[in-house]
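>
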Amino acid sequence: MTHKGKVAIVTGAGTGIGRSTALMLARDNVAIVAVGRRAQPLEQLRSDLVGKVPVAVVAADVTDDDAPLRAAQAAIDEFGRLDYLVNNAGLGKPQPVDETTDEVLDLFLNVHLRAPFRFCREALRVMEDGGAIVNMASSFALIGGMRGGAYSAAKGGIVALTKHMAAQYGQRGIRTNAVAPGVLETDMTAYAWNAHVFRRMNMDMTPLNRTGTGEDAAAAICFLLSDDARFITGQVLAIDGGWTSTKYLAESVVNAGLDDA
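First residue of the sequence shown: 136, per our numbering; consecutive thereafter.
1) Grab the span of the beta strand (DSSP E) containing Thr311 for me, first residue to last.
2) Counting along the chain, where does the beta strand (DSSP E) carrying Val190 start and finish?
3) Measuring CA to CA, which of Cys357, Ile152, Thr235 is closest to Gly225?
4) Give a yes or no on whether the C-beta atoms belonging to Thr368 and Gly292 are separated by under 8 Å.
5) Let me confirm a value: Glu238 is counted as buried when at least 16 other C-beta atoms fall within 10 Å, else exposed. Which label applies?
6) Going by the CB atoms, is the gap between Asn164 and Gly140 shorter than 8 Å?
7) Rounded to whole angstroms, what's the CA-CA distance from Ala158 to Ser361? Just pull it up for me.
8) In the DSSP assignment, find the beta strand (DSSP E) that holds Leu372 and state where it starts and stops.
9) If you drop the 5 nearest sequence neighbours on each side, which residues of the same chain put their C-beta closer than 6 Å to that of Ala396?
10) Where DSSP assigns a beta bridge to Tyr219, which residues make up the other side?
11) Should Ala210 and Val188 be called a contact, given that it needs their Cβ atoms to be closer than 8 Å?
12) On the premise that Ile374 lies in contact with Val314, defined as a C-beta separation below 8 Å, what is that separation, rounded to the nearest angstrom?
13) So, with DSSP's three-state summary, where would you put Asp395?
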């Protein structure tokens, strides 16, 4: 994939998918503007990449009023350009609609929709023509789930925003796509993977029959940013091992454990 000489803003870069994406981009000589709430993981990322690519750190919550401008300005001040934006930052532990307070609703909408919108706005003002943006949607923007109305609503908004931006900014050669991860094994979901029913739903019932990782999502993100995806825009790429594609699985998977019931 061709990335050499490019500059990327990656939000939520300190852990999980964001860190994996930053490390993967760095292998292709992309300079990184790493955005995250906690300075320590960002400084660790910068330390890990010393001698490989330069990293500018912006320690800020993505919902801070000045976070998008600070990130865009860091790209210009430190590297003189901006080519890529990865809107990755997020939070988990969603709730059913009837148990969601206004405070929680506002939090999920601010983190998962308002902040990415604002980062896109600032990035577009300075981004090189021919740049690329990847937004973070979710499998739960594509199908219904048992929990997480606020999360799903925000991620559905990301899908709509992605398609709009693809249409609006394609004339500048700027491509906008989204990835829609399933339930991956990351820091954000670590609390749940020990539960048998959780593993059954999110691994055993997946056609590829394994857990997804942050590296799986990062690989898709890096592909969509690259020239290899030069004629792809306005798309939502599910990173879920086939989870959203079908409810019909191998008989051995469906019947697993039933003989002992």
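Don't be surprised by glycine CBs; every beta carbon is placed ideally from N, CA and C.
Short version:
1) For the purposes of this step, residue 311 is identified with residue 176 of the sequence shown, where counting begins at 1. Counting along the chain, the beta strand (DSSP E) containing Thr311 begins and ends at 310-316.
2) If you number the sequence shown from 1, residue 190 lands on position 55. Val190 -> beta strand (DSSP E) spans 190-194.
3) Numbered from 1 along the sequence shown, position 90 holds the residue referred to as residue 225. For the residues Cys357, Ile152, Thr235, the minimum Cα distance to Gly225 belongs to Ile152.
4) On the sequence shown, residue 368 is found 233 positions in, with the first residue counted as 1. On the sequence shown, residue 292 is found 157 positions in, with the first residue counted as 1. Going by C-beta atoms, Thr368 is not nearer than 8 Å to Gly292.
5) As a working note, residue 238 is residue 103 in the sequence shown. It is exposed - the Cβ of Glu238 has fewer than 16 other Cβ atoms within 10 Å.
6) Translated into the one-based positions of the sequence shown, residue 140 becomes position 5. Translated into the one-based positions of the sequence shown, residue 164 becomes position 29. A contact, by the Cβ cut-off of 8 Å.
7) Start at 1 with the first residue of the sequence shown, and residue 158 comes out as number 23. Start at 1 with the first residue of the sequence shown, and residue 361 comes out as number 226. The residue asked about is misnamed: residue 158 is Leu in this sequence, not Ala. Approximately 15 Å, taken between the alpha carbons.
8) Residue numbering aside, residue 372 sits at position 237 when the sequence shown is read from its first letter. Unbroken beta strand (DSSP E) run through Leu372: 371-374.
9) Reading the sequence shown from its first residue, position 261 is the one you call residue 396. Because the pLDDT of Ala396 is 44, which lies under 50, any placement of that residue in the model is unreliable, and the number read from its coordinates should be weighed accordingly. Here the set comprises nothing.
10) Indexing the sequence shown from 1 puts residue 219 at position 84. Answer by DSSP bridge pairing, in chain order: Ala143, Ala267.
11) Here residue 210 corresponds to residue number 75 of the sequence shown, with the count starting at 1. Here residue 188 corresponds to residue number 53 of the sequence shown, with the count starting at 1. No.
12) The residue you call residue 314 lines up with position 179 of the sequence shown. The residue you call residue 374 lines up with position 239 of the sequence shown. Correct: roughly 5 Å between the Cβ atoms.
13) By one-based count along the sequence shown, residue 395 stands at place 260. Caution is warranted here: a pLDDT of 48 is assigned to Asp395, below 50, making its placement in the model unreliable, and no coordinate value can be reported.
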